[in-house]
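In what follows, a single structure is set out as structure tokens and then discussed.
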Amino acid sequence: MNIEQHIVTATIEAVKKLYHQDLPEAQISLQDTRSEFEGQITIVVFPVVRFSKKSPEVTASDLGEYLLEHVEDVVAFNVVKGFLNLSINNSYWVSLLNTELLKPEFGTIAANGKKVMVEYSSPNTNKPLHLGHVRNNLLGYSVSELLKANGSEVFKVNLVNDRGIHICKSMLAWQKWGNGETPLSSGLKGDHLVGKYYVIFDKEYKKEIETLKLQGQTEDEAKKNAPLIKQAQAMLLAWESGDAEVIDLWKTMNGWVYEGFDVTYKNLGVDFDKYYYESNTYLLGKDTVEEGLAKGVFFKKEDGSVWIDLTADGLDQKLVLRADGTSVYITQDLGTAQMKYDDFGMDESIYVVGNEQDYHFKVLFLILDKLGKSWSKGLYHLSYGMVDLPSGKMKSREGTVVDADDLIAEMVLTARQKTEALGKVDNFSEEEKEQLYYNIGMGALKYFLLKVEPKKRLLFDPAESIDFQGNTGPFIQYTHARIKSLLSKAEFKQGVQVDNYISLSETELEMIILLAKYPSEIAAAAKSFSPASLANYIYEVAKMFNKFYHEIPPIVKEEDEQLKQHRLNLSWVTANILKAGMRILGIAVPERM
RNA sequence: GCAUCCAUAGCUCAGCUGGAUAGAGCAACGGUUUUCUAAACCGUAGGUCAUAGGUUCGAAUCCUAUUGGGUGUACCA
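In my numbering, the protein residues as written are 40 to 632.
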């Protein structure tokens, strides 16, 4: 039982004895004591006033007296307005460090038996990944790791949008203007090569539209009548009917894209347990539609189209099957949801998808709920904001997208330049240097994207490079490397406890309290699916260490063995937490830099 | 129109289920290296928490309205 729990039970006891009232536990609000006051734990007594029928100050004093008397480690208290500040025995904190934090398994949370699926990335196969995808990938990966750290069994899946008119556009353009170009022949990365033809299609299509408009057609007519779009549509039909030549080309070009994606995924450090392909799932969902009709959840209009009426839930009527019997987007998502559940039987299923699809998922989940799917309660749309540039939205057609591969390369290059300028890596081997530049560059990028609350839109300025100082990935990486260097210089011996009566500086006390929060920070971040809150915490830890490090004389030269061991213990715990926390964000921390 | 999200320092962001004088980083200014890595540390300056009401002992946080911005509202995905 930790000190907070002792205080809570004792407070309830106190209210019972002193005021003869039952204080509900929810009314007890504990917080860290602000640094300008004496003490470490504060009880906000305002809610208790209702039970004590006395002023906040008197109530606080009464409780303070009681806790001082009855809780062993409470050694003093002071009252400021309605706040009861408790001072906890020094030895309690030292023993917390000794017994809890120093355990090698500190921070690992036991399995909770929950199975969770996280679907993320979900790219289209007609163009390379851009910064928006990068946010999605990092978020999905990190949330998965976070849930694992919190004790769940996690399945990462990628639902690839590998079919449809968009990929036919690339295929058609390649047929017409590609002259047989392949990644091998041109040295172009596969996804970029296919993306190039997607752009060419768009350019040529626009030309045709202009020509048709000059011939007197309206914009809308021209868009429909342009030969290129007609050919693309014809190609899609051919694909659907299994035309061997089209399928062959489709396979070839998608293959190029996957080779390209694999490289980008590897650089991003993300992975998947299973891939789903829309070419396999796009026909799914018709059974679900039948089921919905049978259950009376859906209804059929005269033309044969199938709908659901969600107006009672504040939404609209929604089409779930076209009049010609073909699927729409939500049809396949209904079917895919069922398929995923049949495959994995998970308790929860997280969809990492941008907030432009908020409405879609609201509808999807509501429909599954109405169909009586027991597992629909576990569905969650992890909705994240767009990545904006100073000029506004990224638009592929206007060439303002920030390409993922370019960005990664730039980050690594910047890391190289900054590191070389500091001149600390002269004794590194070439491989070590390359690895370090990669880790630092990616650390900066990942931390930059992950420290922002997913829900919020994110501003990225390509003109200003991502910072390496302050609240950044490299700052935390540096702190870790510094501790590792310290531990080795001081010949740290792991697992040696120090005397409980050693005196703690204010910073050391704050450090222990902060470090002890790690497990609850993981739990809180997992609960809200927010790597950002974890990132924030890790930064606090790193900042606290640097403060500590500067305040005290060199540990290496410390002659008091107890004190030395104690400070090294604190440093060691800090390094572990930085490493474990950053790992959840998908960021490697170097041993030296 | 309707739905939904967002609005905190010059810029980028924190701020937990309402709690004490709203915090960081960057940028600006000043300081710290004969001592364990200066990608660090310390300090100064910077705020009508979009606006107006309301609930409360207490509101950046909850409610309502307004303003500004994003997104959605397809027999596209």
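Cβ coordinates follow ideal geometry from the N, Cα and C atoms, glycine included.
Here the structure is a predicted model, which means the values were calculated and not measured.
*From V612, K463 and D230, residue whose alpha carbon lies closest to that of D442*: D230
*In angstroms with no decimal places, state the Cα-to-Cα distance between N151 and S318.*
35 Å
*The beta strand (DSSP E) spanning Q356 covers which residue range?*
Q356 to L360
_Can you find the residues in the same chain that come closer than 6 Å, C-beta to C-beta, to A277, ignoring five residues on each side of it along the sequence?_
V285
_Proximity winner among D599, A555, T147 and A627, relative to A529 (alpha-carbon distances)_ = D599
*asked:* Based on DSSP bridge pairs, tell me the residues matched to Q70.
replied: T81
*Just reading off the alpha helix (DSSP H) that M210 is part of, what are its end residues?*
I204 to W216
*As assigned by DSSP and simplified to three states, the class of L107*: helix
*What residue range is occupied by the uninterrupted alpha helix (DSSP H) comprising N306?*
A283 to L307
*asked:* Our contact map puts I505 next to A483 with C-beta atoms below 8 Å; I'd like the distance itself, whole angstroms only.
replied: 5 Å
_Helix, strand or coil at K245 according to DSSP, with G and I counted as helix_ = helix
*Within 10 angstroms of the Cβ of G534, are there 16 or more other Cβ atoms? Answer buried if so, exposed if not.*
exposed
*Start and end residues, alpha helix (DSSP H) containing D259*: E258 to N264
*asked:* On a Cα-Cα basis, can you pick out the residue from V87, P86 and Q70 that is closest to Q79?
replied: Q70
*At what residues does the beta strand (DSSP E) containing K93 begin and finish?*
That residue, K93, is in no beta strand (DSSP E); it is neither H nor E in DSSP.
*Alpha carbon to alpha carbon, what distance is there between E630 and S524?*
7 Å
*Check Y423 in the structure and name its three-state DSSP category.*
strand
*Below 6 Å CB to CB, which residues in the same chain sit around V54 once its five sequence neighbours on both sides are set aside?*
Q60, L62 and F90
*Out of curiosity, what's the CA-to-CA distance linking L403 and N394?*
14 Å
*asked:* Counting C-beta neighbours from all protein chains within 10 Å, is the total for Y576 16 or more, i.e. buried, or is it exposed?
replied: buried
*Return the CA-CA distance between N176 and V113, expressed in angstroms with no decimal places.*
47 Å
*Can you tell me the Cβ-Cβ gap for E547 and L609, rounded? I've got them flagged as a contact below 8 Å.*
6 Å
*Anticipated Cβ contact below 8 Å, E139 with A555, distance rounded*: 7 Å
*For I148, name the three-state secondary structure that DSSP assigns.*
coil
_With the cut-off set at 8 Å, would you say N293 and D201 are in Cβ contact?_
yes
_Bounding residues of the alpha helix (DSSP H) (the contiguous stretch that carries M621)_ = E600 to I623
*Go to Y316, then tell me how far its alpha helix (DSSP H) extends in each direction, as first and last residue.*
Counting along the chain, Y316 falls outside any alpha helix (DSSP H), though it belongs to the beta strand (DSSP E) covering K313 to Y316.
*Among all the DSSP beta bridges, which residues are the ones paired with I127?*
V113
*One or two residues paired with N466 in a DSSP bridge*: For N466, which the question treats as bridged, DSSP gives no partner whatsoever.
_Check: D500 C-beta below 7 Å from any heavy atom of the ligand PLP_ = Absence of the ligand PLP from the depicted structure is noted, as is the absence of any ligand whatsoever, leaving it without description.
*Under 7 Å Cβ to Cβ from Q508, same chain only, skipping five residues before and after it: list those, please.*
F514
*Mark L223 as exposed unless 16 or more other C-beta atoms lie within 10 angstroms of its C-beta, in which case mark it buried.*
exposed
_Contact set for V328: own chain, Cβ-Cβ below 8 Å, skip 5 residues either direction_ = F337, V345, V359, L360, T370 and L373
*When you compare only the Cα positions, how much space is there between G121 and Y578?*
31 Å
*In angstroms, rounded to a whole number, what distance separates the CA positions of A265 and T250?*
9 Å
*asked:* Give me the DSSP bridge partner(s) of K412.
replied: Looking at the DSSP assignment, K412 forms no beta bridge with any residue, so it has no partner.
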